[in-house]
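Remarks on the structure that follows.
Number of protein chains: 2
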Amino acid sequence: MAKELKDLTKRAENYSQWYNELVVKADLAEQSAVRGCMVIKPYGYAIWEKMQQHLDRMFKETGVQNAYFPLLIPKSFLSREADHVEGFAKECAVVTHYRLKNAPDGSGVVVDPEAKLEEEFVIRPTSETIIWNTYKNWIHSYRDLPLLINQWANVFRWEMRTRMFLRTAEFLWQEGHTAHATMQEAMEEAIRMVNVYADFAEKYMAVPVIKGTKSANERFAGAIETYTIEAMMQDGKALQSGTSHFLGQNFAKAFDVTFVNKENKPEYVWATSWGVSTRLMGALIMTHSDDNGLVLPPHLAPIQVVIVPIHKNAEQLKAITEVVEPIVLQLREMGISVKYDDADNRRPGFKFADYELKGVPVRLALGARDIENGTIEIMRRDTLEKSEVEREGIAARVRDLLEDIQNNIYRKALRHREEHTYVANSYDEFKELIEKGGFVLAHWDGTTETEERVKDETKATIRCIPLDGDKTPGTCIFTGKPSAQRVIFARNY
Amino acid sequence: MAKELKDLTKRAENYSQWYNELVVKADLAEQSAVRGCMVIKPYGYAIWEKMQQHLDRMFKETGVQNAYFPLLIPKSFLSREADHVEGFAKECAVVTHYRLKNAPDGSGVVVDPEAKLEEEFVIRPTSETIIWNTYKNWIHSYRDLPLLINQWANVFRWEMRTRMFLRTAEFLWQEGHTAHATMQEAMEEAIRMVNVYADFAEKYMAVPVIKGTKSANERFAGAIETYTIEAMMQDGKALQSGTSHFLGQNFAKAFDVTFVNKENKPEYVWATSWGVSTRLMGALIMTHSDDNGLVLPPHLAPIQVVIVPIHKNAEQLKAITEVVEPIVLQLREMGISVKYDDADNRRPGFKFADYELKGVPVRLALGARDIENGTIEIMRRDTLEKSEVEREGIAARVRDLLEDIQNNIYRKALRHREEHTYVANSYDEFKELIEKGGFVLAHWDGTTETEERVKDETKATIRCIPLDGDKTPGTCIFTGKPSAQRVIFARNY
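Order-wise, the sequence lines are chains C and F.
Just add 1 to wherever you are in the first sequence, counting from 1, and you've got the working numbering.
Just add 1 to wherever you are in the second sequence, counting from 1, and you've got the working numbering.
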């Protein structure tokens with residue numbers, strides 16, 4: 002067994018430590034020399050690239066186009082929208098100078114005091130301000146609308162407590178920014194995009210999510226309504242995995258963006274913004290992986306199938322390779338990514354453990370006896386089940402197995418969520434259930450005050466007000482006041 | 002004729018102004034509110050995305066993997082390599098604080114003096130330092146080598162004089178950073194990548210380039226050897242379009258990156274880095290475009306074919322649409338991107354001018370008479386030639402025409418370069434020829450002093466010492482000293 006695997010903390014012992022170790026041992030990412038920033042390593046980045054490809058296509062299918070806006074935002078832009086500055090100013094990286102110079106004592110370089118900027122810039126924590134300042138020149142008439150733009154970019158928020166992928170100072174994301182002629186259209190767009198996120202999470206990541214709106218307290222700084230997808234991790238905690246905001250006319254008013262409507266009257270433009278980030282990597286890792294390492298959904302795995310030869314000498318390897326080559330070709334023709342690992346410097350047992358750690362969905366192994374018998378060993382990563390099968394028709398079998406794994410891990414995650422979703426009808430019951438870890442459906446009176454008191458006492462927050470599901474009214478578990486529907490409480494990442 | 006087109010400055014009048022106007026009028030990019038930074042608009046970004054796709058595939062075919070490293074670089078890292086800091090410190094964006102706060106007078110936000118960083122960061126102008134600091138932990142043995150990593154990223158250099166795409170403060174690029182066990186291998190890698198760049202420029206951008214090495218004066222800060230591809234613009238000026246650096250052991254020594262070789266001895270690692278940027282967009286625009294607007298190579302055009310109906314009423318439009326739909330399908334099945342522009346709010350003449358301005362390679366147009374006659378009008382953007390042809394077999398004809406355009410604009414650019422490449426055998430002759438605009442092949446004694454004197458007197462620099470071509474020695478046109486081979490002098494962007 003590989004050393005890395007032997008050393009992996011068990012989930013039951015310390016879930017949080019298991020996660021941190023797994024990110025490093027599976028070669029996904031590591032801490033960088035810059036506090037709070039990570040290096041995304043090739044294996045982790047390959048998964049992110051697959052996410053990007055699918056999301057980008059899904060966005061474009063709704064008519065969205067990509068563009069690119071500046072990294073730096075003039076400090077004054079941030080203040081234009083009152084809630085927005087309140088939400089972001091406290092964690093900004095501030096650029097104050099445009100030059101370094103040699104230190105007089107020869108010890109290196111220092112900031113050149115003569116190169117102080119007249120107005121400071123912040124590194125974008127999000128781009129609503131610079132983008133709406135740009136849209137002012139792009140939008141004049143209803144004929145210029147809707148404007149559906151996305152950018153793939155890095156953003157920076159100087160977070161104090163960071164965890165790789167889940168919360169880092171710099172992170173990679175996409176941010177969509179759309180402009181519309183009517184409130185109705187903008188709201189529909191915000192909902193359309195949260196639906197795209199939910200589809201992506203479920204079909205590609207195999208992560209079941211609950212769609213809902215955020216309470217006022219958890220809304221994006223500057224939004225009228227925030228839609229969210231919430232996933233449950235294996236420890237029962239919630240992970241907010243993507244958000245889509247209906248911004249009303251807030252940014253249009255802050256940046257004076259108006260258009261002439263069909264009746265030739267000026268109106269402020271309606272806006273949305275929406276984003277998912279490398280945080281999705283955290284959701285992916287924490288939803289499916291186990292004490293042996295990563296479990297990747299086949300639809301996002303950089304290597305879907307690995308083939309390992311088991312041989313005693315070069316002659317045996319040659320015979321195995323002759324059998325493997327056509328299988329590799331068949332799999333590639335089916336669009337399946339496959340690696341034949343015939344490297345001689347690692348033993349099969351080490352390779353097995355390493356590919357398990359890395360979450361490769363299907364492993365095939367062939368020895369001298371398999372060559373004689375026309376068989377092959379097949380192992381599925383999700384259940385770790387191993388079986389010896391006929392080699393005849395192996396490619397089709399692998400293709401079907403990949404789909405089966407994709408569905409199986411989704412169903413497993415869904416079952417886990419269902420088993421850890423509770424209904425509380427009193428505050429005492431709520432407090433007991435929230436300790437078990439999971440989602441608790443409870444009535445809430447709709448006030449921020451109640452939400453904050455519950456949070457102070459139980460560390461649970463309202464993850465969302467579900468869009469689908471039971472809409473029966475009731476009374477708040479905390480205040481006894483009327484409640485329109487049950488909401489989801491949980492502890493969260 | 003569309004107003005935008007009528008207003009476009011002619012190349013012969015003012016080439017530089019023509020370029021600046023074209024970038025804006027063709028909707029490629031615009032100046033942003035941040036000095037020296039541009040907004041890349043959807044149409045421009047779509048071309049950049051196509052470039053990225055091809056380059057990314059070409060890199061991966063050589064075994065390169067993508068990863069991501071932090072945006073911010075600790076100030077002290079920059080000083081570790083003496084030439085490197087000299088080259089980059091003077092144009093760095095410096096992050097000194099991590100928070101803003103409300104201004105006491107309520108006027109907005111100000112930098113919070115209590116949030117001063119202990120050590121400042123610079124926004125990466127290039128990532129050798131942070132990457133080699135990371136490689137220290139990744140490389141221990143010869144078995145860890147070669148390490149072939151690329152990142153797609155934004156970088157920032159506080160340039161004083163900027164021009165969209167050609168020289169902007171923030172720009173998008175890819176930077177490859179490889180690590181090798183031997184000098185030989187690293188040099189081969191640097192050459193392999195400049196060859197990839199040349200292939201990409203010629204096959205996709207249809208831009209002929211000359212491969213060569215840079216003189217010491219023009220080398221990357223920290224490199225032992227810089228390989229470059231140089232293209233000639235229509236005004237005869239050179240545009241450096243991509244560079245690949247052999248870095249020797251400079252960064253390995255600066256960041257103490259050693260490996261144990263096969264003989265179990267520690268050695269410093271050998272390095273390369275290589276990059277192309279959104280500057281390629283400038284090369285693309287300036288090489289092919291004309292007084293009517295952009296001319297895009299079919300291999301990179303976001304829209305390869307546009308179809309415009311010419312109709313007097315809804316009935317005619319319906320008949321045209323019925324004929325167009327199967328053509329659109331056939332083209333799409335051939336992998337050709339096609340747009341059927343049946344929008345009713347712009348007249349055909351306006352559309353024609355607009356798609357010419359945007360450089361769409363092939364335009365098809367159909368009127369009521371064409372429907373009767375079984376014909377279609379076809380226009381190629383490169384020559385503006387228009388002809389009426391049989392509709393039968395139009396898809397195959399368009400496919401062939403796209404390849405013809407791709408080849409034709411390459412040949413045209415190559416012919417232009419050949420016609421504007423001169424040989425100078427004396428300094429007087431050199432001064433006369435350099436005024437004509439173009440490349441001048443001349444002997445040079447190999448010293449920085451001579452290069453700088455020639456530059457001071459003629460504004461021409463050595464663009465490269467060509468890898469291919471005539472290697473006959475001679476005597477320097479300026480000093481009369483021995484010269485190993487002719488080099489290329491030109492004025493440049």
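Cβ coordinates follow ideal geometry from the N, Cα and C atoms, glycine included.
What you are looking at is a predicted structure, and each value in this text was computed from that prediction instead of being measured.
Beyond the five residues adjoining it in sequence on each side, Val95/F comes within less than 6 Å, by CB distance, of Glu121, Val123 in the same chain, given in chain order. Within chain F, no C-beta atom comes nearer than 9 Å to that of Tyr16/C; the closest sits roughly 26 Å away. According to DSSP, residue pairing for Asn103/F in a beta bridge involves Val110/F.
At a C-beta separation below 8 Å, Tyr99/C has these neighbours in chain F: Glu92, Cys93, Ala94, Val95, Trp159. The C-beta distance from Phe70/C to Thr135/C rounds to 7 Å, short enough to meet the 8 Å contact threshold. Using a CB distance cut-off of 9 Å, Glu50/C counts as an interface residue toward chain F. Closest by C-alpha distance to Asp257/F, out of Phe440/F, Val441/F, Val25/F, Phe78/F, is Phe78/F. Burial of Met39/F is indicated by the presence of at least 16 other C-beta atoms within 10 angstroms of its C-beta. Residue pairing from DSSP places Pro267/C in a beta bridge opposite Val261/C. Distance from Glu226/C to Thr244/C at the Cβ level is roughly 11 Å; contact not present, criterion being Cβ atoms closer than 8 Å. Within its own chain, the residues whose Cβ lies closer than 7 Å to the Cβ of Leu23/C, once the five positions on either side in sequence are excluded, are Leu9, Ile286, Ser290, Gly294, Leu295, listed in chain order. Where Tyr494/C is concerned, there is no enclosing alpha helix (DSSP H), because DSSP gives it neither an H nor an E. In summary, the residues of the segment 58-72 of chain F whose CB is separated from some CB of chain C by less than 9 Å are Gln66, Asn67, Ala68, Tyr69, Phe70, Pro71, Leu72, in the order they occur in the chain. Note on the segment 124-185 of chain F: whole beta strand (DSSP E) runs with a minimum of 3 residues are 148-157, 171-181, in chain order. By the 16-neighbour rule on beta-carbons within 10 angstroms, Arg412/F is exposed. Interface criterion met: the Cβ of Ser80/F is under 9 Å from a Cβ in chain C. Think of a sphere of 8 Å around the beta carbon of Phe122/C: the chain F residues whose beta carbon falls inside it are Val35, Ala94, in chain order.
Contact annotation: the segment 418-426 of chain F touches the segment 435-452 of chain F, with at least three C-beta pairs closer than 8 Å. Within the same chain, and ignoring the five residues on either side of Glu357/F in sequence, the residues whose Cβ sits closer than 6 Å to its Cβ are Asn293, Gly294. Close CB contacts of Arg400/F within its chain, under the 6 Å cut and outside five residues either way in sequence, are with Met335 (chain order).
Counting only runs of 3+ residues, the beta strand (DSSP E) found wholly inside the segment 460-488 of chain C occupies 462-467, in chain order. Where Glu357/C is concerned, there is no enclosing beta strand (DSSP E), although the alpha helix (DSSP H) around it starts and stops at 349-358. Ranked by Cα distance from Phe247/C, the first of Glu190/C, Val112/C, Lys254/C is Glu190/C.
Within 8 Å of the CB of Tyr46/C, the CB atoms of chain F belong to Gln66, Asn67, Ala68, Tyr69, in sequence order along the chain.
Checking the DSSP bridge columns, you'll see Asp291/F partnered with Gly294/F. Taking Leu403/F as the centre and dropping the five residues before and after it, the same chain places the C-beta of Pro299, Gln305, Val306, Ile337, Pro362, Val363 closer than 8 Å to its C-beta, in chain order.
Rounded to whole angstroms, the separation of the alpha carbons of Ile140/F and Gly360/F is 48 Å. When DSSP reads this structure, Gly213/C sits in a beta bridge with Thr229/C, Pro467/C.
About 5 Å separates the beta carbons of Tyr198/F and Ile230/F, which is inside the 8 Å limit, making them a contact pair. A residue is called buried when at least 16 other Cβ atoms come within 10 angstroms of its Cβ; Ser128/F meets this threshold and is buried. Checking the DSSP bridge columns, you'll see Ser274/F partnered with His178/F, His246/F. By the rule that beta-carbons nearer than 9 Å mark a contact, Glu129/F does not touch chain C. The residue from Val324/F, Ala302/F, Val210/F, Val329/F with its alpha-carbon nearest to that of Asp371/F is Val324/F. For the segment 170-193 of chain F, residues whose beta-carbon sits nearer than 9 Å to a beta-carbon of chain C comprise Ala170, Glu171, Leu173. For Gly394/C, the closest C-alpha among the options Ile379/C, His417/C, Pro267/C, Arg487/C is that of Ile379/C. Taking 9 Å as the threshold, the shortest C-beta distance from Met39/C to chain F falls below it.
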